[in-house]
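In my numbering, the protein residues as written are 19 to 150.
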């Protein structure tokens, strides 16, 4: 069944918006279903659409790839850049769960160390949210 679903997903990936890409990767990670080819294609499509990713999409996608142990370096670099843009924009609403998932994912895959700009930006936004 999963092989048939994966074939359909691969055929339709270019049609998917960012929410669908993050939802599919989240579903695969939740099931702990590892399909390297599918995840590679999802990463490629996500890279093409990265500027459209919201905080929640970034959180779900980064968590998914980290949970499956996928060190998609180019994808994580692009997600880091997009996250920094969104974190700098105070009108963007990073929920606490989004902040936590992004921090965990980047740290888990050792993409972001304790002194990284991303983790510092996440910390600033988390503190700002506490002050509300």
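By construction, the Cβ of each residue, glycine as well, lies at the ideal position given by its N, Cα and C atoms. Computed from a predicted model, the values in this text were never measured in an experiment.
Between the alpha carbons of residue i and residue j, how many angstroms are there, rounded?
i: residue 122; j: residue 111; result: 18 angstroms
i: residue 120; j: residue 81; result: 7 angstroms
Looking at residue j and residue i, is the spacing between their C-beta atoms short of 8 angstroms?
i: residue 136; j: residue 101; result: yes
i: residue 24; j: residue 53; result: yes
i: residue 73; j: residue 93; result: no
i: residue 130; j: residue 98; result: yes
Taking the continuous alpha helix (DSSP H) assigned at residue i, which residues delimit it?
i: residue 59; result: 54-66
i: residue 98; result: 91-106
i: residue 124; result: 114-126
i: residue 83; result: 73-85
i: residue 26; result: 20-30
i: residue 139; result: 135-148
i: residue 37; result: 36-48
So which of the options has the shortest CA-CA distance to residue i?
i: residue 70; options: 83, 131, 96; result: 96
i: residue 115; options: 109, 75, 130, 98; result: 75
i: residue 143; options: 30, 48, 36, 108; result: 108
i: residue 33; options: 59, 22, 117, 125; result: 59
i: residue 47; options: 86, 140, 30, 118; result: 86
i: residue 26; options: 35, 37, 56; result: 56
i: residue 145; options: 117, 133, 134, 88; result: 117
i: residue 35; options: 20, 66, 21; result: 66
i: residue 127; options: 134, 141, 88, 50; result: 88
Check the C-beta distance from residue i over to residue j and give it rounded, since I have them as a contact under 8 angstroms.
i: residue 64; j: residue 79; result: 6 angstroms
i: residue 90; j: residue 61; result: 4 angstroms
Is residue i close to chain D, meaning its C-beta is less than 8 angstroms from at least one C-beta of that chain?
i: residue 76; result: No chain D appears in the structure shown, which is made up of a single protein chain.
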